Amino acid sequence: MSKFKVYIPFIIGLAVAVGIFIGGNLDFGDTSDKLFTSNSKKDKLNRLIDYIDYEYVEDVNTDSIVDVTVNGILDNLDPHSVYIPKEKMKRSSENMKGNFVGIGINFYTYKDTITVIKTIENGPSAKVGIIGGDRILEANGKSLLGETNDSLVETLRGERYSEVVLKVFRKGEPKLLTFNVTRDVVPIKSVDAAYMLTEDLGYIKINRFAESTFNEFKKALRHLKKEGANSLALDLRGNPGGFLEIAVNIVDEFLENDKLIVYTKNKKGDIEKSYSTSKGEFENGELFVMIDENSASASEIIAGALQDNDKGTIVGRRSYGKGLVQREMQLGDGSAVRLTVSKYYTPTGRSIQRSYANGNTDYYDDYSHRMKSGELIDESKIEVADSLKFTTPKGKVVYGGGGIIPDVFVPLNRKMENETLSFLERKGFFNNFIFEEIEKDRNYYASISRQDFFDNFFVDDKMVKEFEDYLKIKTRSNIV
0 MSKFKVYIPF
10 IIGLAVAVGI
20 FIGGNLDFGD
30 TSDKLFTSNS
40 KKDKLNRLID
50 YIDYEYVEDV
60 NTDSIVDVTV
70 NGILDNLDPH
80 SVYIPKEKMK
90 RSSENMKGNF
100 VGIGINFYTY
110 KDTITVIKTI
120 ENGPSAKVGI
130 IGGDRILEAN
140 GKSLLGETND
150 SLVETLRGER
160 YSEVVLKVFR
170 KGEPKLLTFN
180 VTRDVVPIKS
190 VDAAYMLTED
200 LGYIKINRFA
210 ESTFNEFKKA
220 LRHLKKEGAN
230 SLALDLRGNP
240 GGFLEIAVNI
250 VDEFLENDKL
260 IVYTKNKKGD
270 IEKSYSTSKG
280 EFENGELFVM
290 IDENSASASE
300 IIAGALQDND
310 KGTIVGRRSY
320 GKGLVQREMQ
330 LGDGSAVRLT
340 VSKYYTPTGR
350 SIQRSYANGN
360 TDYYDDYSHR
370 MKSGELIDES
380 KIEVADSLKF
390 TTPKGKVVYG
400 GGGIIPDVFV
410 PLNRKMENET
420 LSFLERKGFF
430 NNFIFEEIEK
440 DRNYYASISR
450 QDFFDNFFVD
460 DKMVKEFEDY
470 LKIKTRSNIV
């Protein structure tokens, strides 16, 4: 594990940009029961768990042991084969489905209190008169002060058509307001923005590829065409991915009939190819696709398919480099694994999957590697291998082995990065995080001298990840 000499405001601040929730290219097909035959390997694990359950000298939660075992097995595969505990399955499924049942608000927890950022248009809360700035203090008589985000989401979401009574503080009102909100289906939008940049250039920002994304995209694209768009900027920066077929459908809107979009290959060598169909919505328009180091998976399928078909211009920085396809498989107790079952390739035959031969820690430290090498601000620092050189139909040279390299490079805005660090420092995030870290082992820090601290203390990847998670909790808004 790499370690950095302590310089907390700079090094930890970089964690803001490191965070990626890698979206998988998910295939929810059922796995045949023939996989679940008895063999000595499975019997060995089952027998060990039974021994611990019945014979071990102290009581042990074998469920937690099983969870650790599953994670341990998956850690030895690839970085994108993951275990999803049953308590997280519902949220995960809702995010990829593109809707959930709730009260229809975006909120931020400010000083232990739910503060409504905005209500979802025509959603349950908007219909009864809740507005941005309202502070929700109670739900069905239960105080919500100081609750964790997960607890708040659990309380405010629920069964469709069930009712929740909210007590709300509104500035300027002498008493608390009471709202009876009937929970209903609330969309989770994938298209963050769609508008005209100029008289003929439209802009669409997609944040992920869920079940609802393609319909949202088509609606936005048609609206922009009516507004006069004959050129389009498709913004996939920071998009971690999602469903493979949704990405294929979006690419289909830009390509002429019968063009290869992507193909996948499994361990048996079976190949599945996806081709474009006729009458795409934007086959003749000028296209720009914006990517960065956090554009992954399905985002890279789109960028790679268009680049390899000589359609449009890819703008930005080298993408994340995820070329693996996962299938979600149920484990029988409400939990599941997303297991890598195949690799995908762009039309020219490129695999854009980065190497994970040095382990998961090194793999997820990729942003730091790019920062140190200088490639985020200098295109010439991007490493390519001649053995992974490919050529498009019109003769453009492209490379595999580690993300999509853009046609037009846009360096990282270091000024913006420095402003982010200054913002975090002004708002006290660094000081608050350090205080909480010291509180975990105050006796230890009190026992060492200042010189010993400066000589021996390092900010390692684990602490960077902890600070990143801390920022997510403290700064994120939620939707319920």
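Residue numbers (numbering that gives the first Met the number 0): 0 to 479. Ideal Cβ placement from N, Cα and C applies to all residues, glycine included. In this text the structure is predicted, and so the values were computed from the model without any measurement.
Exposure label - Glu299; buried when at least 16 CB within 10 Å: For this step, residue 299 is matched to residue 300 along the sequence shown. Glu299 is buried by the Cβ-count criterion.
Whole-angstrom distance between Ser367 and Gly71, CA atom to CA atom: Your numbering for residue 71 matches position 72 in the sequence shown. Your numbering for residue 367 matches position 368 in the sequence shown. In this structure, the CA atom of Gly71 is about 25 Å from the CA atom of Ser367.
Proximity to Thr177 [Cα-Cα], best of Glu467, Val163 and Lys464: Indexing the sequence shown from 1 puts residue 177 at position 178. Of the candidates Glu467, Val163 and Lys464, the residue whose Cα lies closest to the Cα of Thr177 is Val163.
Neighbourhood of Leu411 by C-beta, 6 Å cutoff - its chain only, sequence neighbours within 5 removed: For the purposes of this step, residue 411 is taken as residue 412 along the sequence shown, with counting starting at 1. Once the five neighbours on either side are set aside, the close Cβ partners of Leu411 are Leu375 and Ile376.
Identity of the residues DSSP links to Gly241 by a beta bridge: Here residue 241 corresponds to residue number 242 of the sequence shown, with the count starting at 1. Residue pairing for Gly241: DSSP places it in a beta bridge opposite Phe208.
DSSP three-state assignment for Gly22, whether helix, strand or coil: For this step, residue 22 is matched to residue 23 along the sequence shown. Caution is warranted here: a pLDDT of 39 is assigned to Gly22, below 50, making its placement in the model unreliable, and the coordinate value is therefore given only provisionally. DSSP places Gly22 outside both helix and strand once states are collapsed to three, so it counts as coil.
Bridge partner(s) assigned by DSSP for Glu137: By 1-based counting over the sequence shown, the position of residue 137 is 138. DSSP lists Ser142 and Lys166 as partners of Glu137.
Where Gly71 falls: helix, strand or coil (DSSP): Residue 71 sits at position 72 when you count from the first residue of the sequence shown. In the structure shown, Gly71 falls within a helical segment according to DSSP collapsed to helix, strand and coil.
Continuous alpha helix (DSSP H) stretch holding Leu420: start and end: As a first step, residue 420 is located in the sequence shown; it is residue number 421 there, counting from the start. Leu420 -> alpha helix (DSSP H) spans Arg413 to Arg425.
Per-residue burial, Asn283 [other beta carbons within 10 Å of its own, 16 or more giving buried]: Taking the sequence shown and counting its residues from 1, the one referred to as residue 283 is at position 284. Here Asn283 is exposed, its C-beta having fewer than 16 other C-beta atoms within 10 Å.
Tyr107 - DSSP class collapsed to helix/strand/coil: In the sequence shown, the residue the question calls residue 107 occupies position 108. Looking at Tyr107 - three-state DSSP - the assignment turns out to be strand.
Asp494, enclosing beta strand (DSSP E) - first and last residue: Nothing in the structure corresponds to residue 494, since the chain is present only between 0 and 479.
N- and C-terminal bounds of the beta strand (DSSP E) containing Thr474: Translated into the one-based positions of the sequence shown, residue 474 becomes position 475. Looking at the DSSP string, Thr474 is not in any beta strand (DSSP E); the run it does join, the alpha helix (DSSP H), is Asp460 to Thr474.
Alpha-carbon to alpha-carbon, Val288 and Val127: Within the sequence shown, residue 127 is the residue found at index 128, counting from 1. Within the sequence shown, residue 288 is the residue found at index 289, counting from 1. When rounded, the distance between both Cα atoms is 40 Å.
Straight-line gap, Phe213 to Val340 (C-alpha atoms, nearest Å): As a first step, residue 213 must be located in the sequence shown, where it is residue number 214. As a first step, residue 340 must be located in the sequence shown, where it is residue number 341. Their Cα atoms are separated by approximately 24 Å.
Whether Glu271 touches Tyr262 by CB criterion (8 Å): Stepping through the sequence shown from its first residue, residue 271 is reached at position 272. Stepping through the sequence shown from its first residue, residue 262 is reached at position 263. Yes, the Cβ-Cβ distance between Glu271 and Tyr262 is below 8 Å.
Residues that DSSP places opposite Met195 in a beta bridge: Position 196 of the sequence shown, counting from 1, holds the residue named residue 195. In the DSSP output, where bridge partners are listed per residue, Met195 has Gly201.
Per DSSP, the bridge partner or partners of Glu88: Working through the sequence shown from its first residue, we reach residue 88 at position 89. Residue identity differs from the one stated: residue 88 is Met in this sequence, not Glu. Per DSSP, none; premise fails for Met88.
Top-ranked residue by Cα proximity to Gly237, from Arg317, Ala228 and Lys278: As a working mapping, residue 237 is identified with position 238 in the sequence shown. If you compare the alpha carbons of Arg317, Ala228 and Lys278 with that of Gly237, the shortest gap goes to Arg317.
Local Cβ density within 10 Å of Thr345, reported as buried at 16 or more and exposed below that: Here the question's residue 345 lines up with position 346 in the sequence shown. Answer is buried; the Cβ neighbour count reaches 16.
8 Å Cβ cutoff met for Gly103 and Pro123: Taking the sequence shown and counting its residues from 1, one reaches residue 103 at position 104. Taking the sequence shown and counting its residues from 1, one reaches residue 123 at position 124. Against a cut-off of 8 Å, the Cβ pair of Pro123 and Gly103 comes out as a contact.
Euclidean distance between Cα positions of Lys517 and Gly240: Nothing about residue 517 can be reported from this structure: the residues present for the chain run from 0 to 479 only.
Sub-8 Å separation of Ala228 and Met195 beta-carbons: Numbered from its first residue, the sequence shown carries residue 228 at position 229. Numbered from its first residue, the sequence shown carries residue 195 at position 196. Pairing Ala228 with Met195 gives a Cβ-Cβ distance under 8 Å.
Three CB pairs or more closer than 8 Å across the segment 183–201 and the segment 92–100: Judged by Cβ distances under 8 Å, the segment 183–201 makes contact with the segment 92–100, as three or more pairs qualify.
With 16 other Cβ atoms within 10 Å as the buried cut-off, status of Met415: Position 416 of the sequence shown, counted from the first residue, corresponds to residue 415. The residue is exposed, with fewer than 16 neighbouring Cβ atoms inside 10 Å.
Buried versus exposed, by CB contacts within 10 Å (16 or more), Gly315: Translated into the one-based positions of the sequence shown, residue 315 becomes position 316. In summary, Gly315 is buried, with 16 or more beta-carbon neighbours lying within 10 Å of its beta-carbon over all protein chains present.
Status (buried if at least 16 other CB within 10 Å, exposed otherwise) for Ile433: Counting from 1 along the sequence shown, the entry for residue 433 is found at position 434. It counts as exposed.
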